[in-house]
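Protein chains in written order, with this note's numbering: chain A, -15 to 301; chain B, -15 to 301. As structure tokens, the structure follows; a few thoughts come after it.
Number of protein chains: 2
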Amino acid sequence: MNFFDKVGKVALGSRLRLMTAAITDDAAKIYELYGISFMPKWFPVFYMLTEEREITITEIANEIGHSQPSVSKIIQEMTTAGLVQENLKTTDKRRNSVALTSQGIVVSKELKLQWVDVEAAVESLITESNHNLWAALEEWEFLLEQKSLLKRVIENKKIRESQDVQIVAFEPKYLDAFKALNVEWISTYFEMEAADYKALDNPQEYILDKGGKIFVALYHDEPVGVCALIKMKDENYDFEMAKMAVSPKAQGKNIGWLLGQAIVNSAKEQGAKKIYLESNTILKPAINLYHKLGFQKVSGLATPYKRCNIQMELVIA
Amino acid sequence: MNFFDKVGKVALGSRLRLMTAAITDDAAKIYELYGISFMPKWFPVFYMLTEEREITITEIANEIGHSQPSVSKIIQEMTTAGLVQENLKTTDKRRNSVALTSQGIVVSKELKLQWVDVEAAVESLITESNHNLWAALEEWEFLLEQKSLLKRVIENKKIRESQDVQIVAFEPKYLDAFKALNVEWISTYFEMEAADYKALDNPQEYILDKGGKIFVALYHDEPVGVCALIKMKDENYDFEMAKMAVSPKAQGKNIGWLLGQAIVNSAKEQGAKKIYLESNTILKPAINLYHKLGFQKVSGLATPYKRCNIQMELVIA
DNA sequence: TATATTTGCATAACTAATTATGTAATTAAC
DNA sequence: GTTAATTACATAATTAGTTATGCAAATATA
């Protein structure tokens, strides 16, 4: 059984590598066949020179997708072979403007015949096949430019891992985690304040007994995130979302989003009309998350926290 | 405008190389993302080890399409990293039978999660695209195994060049070429005989005046091949095809085939029923060509040539 | 059974690319 | 008009593979 059928599409890179090797190995033999002393790797650079009368190293590199040092070396080799002349007069003395020599032009004419034959051979392969490799490459270049493979994998990882995350209601055994996770991030960016200690040391008294809720995110049964819904004594707001903390070790698993949704759903169930929150604009990913949850910036409320420089609310439809 | 749109499909190799680079660059970042200390290039070898409990270096190399030294080095690296154990007991002491260590098995379990995510990402790309890159690669591997790109290019070259070949009737100005081309090949393989000199020195008298024909193949107006249709005084045969010669410089342009067809067509026009020829079995490409033209082996006729060890005839339908 | 050939592997040398780095020339910023 | 930043390029170092080579073990052959 074929290796790639066994491994599956994780091996796309390996499969591409082998196909590339097969094609470029044959390319080398094709150059031999036509008896032109020309190295296959020169091809893209040389092609550019047949199109543009004069062009600089960096321009070529950008156009053909090679690195600048690669083009630099190839130009040197082709100069040695007498195909290219360097350092043509330019106003900018840093630039190395290059062009074909008359010998280079002769070789280009011989090569053009070869290119016609190769093009015809590739065309015949495309015609014979059901799946157009050339078109597939073109399309994939576009798709990967829109969203790289890396980004796509990150998304899949997030989805898979968030399936392993459980959001559960607070229990006394999570008391330490509730405090530790909050202390961790607060003391990283700010200083702990009196109001923090009150809530973190006595969540039962200050949050739960007053009609609030605390949710804990478990990843493989380990508490890695917490968030509280705190009853407010305000005519405008029913609840405050506060004390959201996610362990840095567990980032990238959508845990903030899952906790936020649990909080919002719980508020809805309790008939809340508006949820309030306080934060700080240096916490960009957090602010971003609040936006995604539907929170909008507001202002004007008093706050016991020094670190608060932004206030937001969510109006429940 | 995109480079590849401009160049055309000659640049398939370059385009494949860039796509391969894009994918493998992202692969490296993906390994980082999962925090597993594992080099991307280990992947195919490592995968084989997760499938087979014990396997030798060469077996892996054949399976994954790498060279043996490549696998050898990768195994050494993975051994240093503690993932693989080498030199497990085998009867054959040349063989290096390798397997995962217990640590390797642990890593394989972590990697399997990653593979699932990557596979899903590639699948999503395939779904989004009209042209299935994975399927195209699979198909092209098959097509290129059937007939390599090199072979396909050689065919195209032949076709293109045979379009530049003209078959014309003999004229006195081709007298020297007619002799020289024949002397060239005859003296390479055999020795010139008396019968050769008669016909080559006096084609007018010995061939044309007796109702025969001579055709000359011109490549860029240069005579590069000749062939004669000689009237026979035999009850069975109307003509003999003889004195076919193609310059080694002009080989691979289908010239033999074109000359042969001209001869056969001319014989047909003159109402011939059977054409005869003499040759030698060491001239394999020639015998092959005669077969393609429809000649079949016969025997029993007298011949003035020492070098003749095979006789053939073409019955015209 | 001695000898030749083949096989399995490691090591060395090479290749075609890449990133990293240094330097001179140019452009921008104060 | 200095000084800082940027640009264009060459050179060096690195990488992931490849072929070439040599040696010991195993197998085939005379």
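Where a beta carbon is used, it is the ideal one built from N, C-alpha and C, also for glycine. Model, not experiment: these values are computed from the prediction.
Among B:ALA212, B:PHE126 and B:LEU285, nearest to ALA161 (chain B) - alpha-carbon criterion: B:ALA212
For ALA256 (chain B), which of helix, strand or coil comes out of DSSP? coil
What number of angstroms, rounded off, separates the C-alpha of LEU242 (chain B) from the C-alpha of ALA105 (chain B)? 55 Å
Judging by CA-CA distance, which residue of A:THR40, A:GLN98 and A:GLY66 is the nearest neighbour of ASP76 (chain A)? A:THR40
Alpha-carbon to alpha-carbon, ASN71 (chain B) and ILE89 (chain B): 18 Å
Would a C-beta distance cut-off of 8 Å place ARG136 (chain B) and LEU17 (chain A) closer than the cut-off? Contact annotation: ARG136 (chain B) and LEU17 (chain A) have beta-carbon atoms that are not nearer than 8 Å.
Would SER132 (chain B) pass as an interface residue toward chain A - the criterion being a Cβ-Cβ separation below 8 Å? At a cut-off of 8 Å between beta carbons, SER132 (chain B) contacts chain A.
Measuring alpha carbon to alpha carbon, tell me which of B:VAL55, B:ILE20, B:ALA6 and B:PRO24 ends up nearest ALA12 (chain B). B:PRO24
Against chain A, which members of the region 16 to 28 of chain B pass a CB distance test of less than 9 Å? LEU17, TYR18, PRO24, PHE27 and PRO28
Within 8 Å (strictly less), CB to CB, does LEU121 (chain A) reach chain B? yes
If we call anything under 8 Å between Cβ atoms a contact, is TRP99 (chain B) one with ILE58 (chain B)? no
Which first and last residues belong to the alpha helix (DSSP H) in which MET62 (chain A) is found? 52 to 64
So, for VAL282 (chain A): in the same chain, excluding its five sequence neighbours on each side, which residues have a beta-carbon less than 7 Å away from its beta-carbon? GLN295, MET296 and GLU297
Member of B:SER92, B:LEU2, B:ARG37 and B:GLY284 whose CA lies at the smallest distance from the CA of ILE48 (chain A): B:LEU2
Return the bridge partner residues of VAL200 (chain A) from the DSSP annotation. A:VAL152 and A:VAL210
Is there a C-beta anywhere in chain B that falls below 8 Å from the one on MET296 (chain A)? no
Counting only Cβ pairs nearer than 7 Å, list the residues of chain A close to ALA11 (chain B). GLY(-3)
Quick one: Cα of PHE305 (chain B) to Cα of ASN116 (chain B), how far? Summary: the structure shown does not reach residue 305 (chain B), with chain B confined to residues -15 through 301, and so no result is reported for it.
According to DSSP, is ALA301 (chain B) helix, strand or coil? coil
At what residues does the beta strand (DSSP E) containing MET228 (chain B) begin and finish? DSSP places MET228 (chain B) inside the beta strand (DSSP E), whose first and last residues are 223 to 230.
Quick one: what's GLN188 (chain B) bridged to in DSSP? DSSP lists no partner for GLN188 (chain B).
Cβ-Cβ distance between LYS227 (chain B) and ALA183 (chain B) below 8 Å: yes
Anything in the region 44 to 76 of chain A with a Cβ closer than 8 Å to a Cβ of chain B? List those residues in chain order, please. Result list: GLU47, ILE48 and GLY49.
When you compare the CB positions of TYR289 (chain B) and LYS258 (chain B), do they come within less than 8 Å of one another, or not? no
Below 8 Å on C-beta distance, what does MET216 (chain B) contact in chain A? Simply none; closest approach about 40 Å.
Can the beta-carbon of GLU94 (chain B) be found less than 8 Å from the beta-carbon of ILE20 (chain B)? yes
ILE239 (chain A) beta carbon less than 8 Å from that of ARG208 (chain A): Sequence inspection shows Val at residue 208 (chain A); the Arg mentioned does not correspond to that position. Yes. Within cutoff.
Pull out every residue of the region 107 to 119 of chain B whose Cβ sits closer than 8 Å to any Cβ of chain A, in chain order. GLU107, SER108, LEU109, ILE110, GLU112, SER113, ASN114, HIS115, ASN116, LEU117, TRP118 and ALA119
Interface residues of chain B around ASN80 (chain A) at Cβ under 9 Å? Simply none; closest approach about 20 Å.
Does ASP222 (chain A) have its Cβ less than 8 Å from a Cβ in chain B? Chain B, which has no Cβ nearer than 8 Å to the Cβ of ASP222 (chain A), makes this no.
Cβ of ALA322 (chain A) within 8 Å of Cβ of VAL149 (chain A)? Only positions -15 to 301 of chain A appear in the structure, and residue 322 (chain A) is not among them; the question remains open.
Does the Cβ-Cβ distance between PHE279 (chain B) and LEU267 (chain B) come in under 8 Å? no
Any idea if HIS50 (chain B) is buried or exposed, counting beta-carbon neighbours within 10 angstroms, 16 or more meaning buried? buried
Cβ closer than 9 Å: which chain A residues qualify as neighbours of LEU33 (chain B)? Those within 9 Å of LEU33 (chain B) in chain A number zero; the least Cβ separation is about 12 Å.
Of the choices B:ALA234, B:LYS197, B:LYS217 and B:THR64, whose alpha-carbon is the least far from that of ASP205 (chain B)? B:ALA234
Does ARG(-1) (chain A) pass the burial test, meaning 16 or more other C-beta atoms within 10 Å, or should it be called exposed? buried
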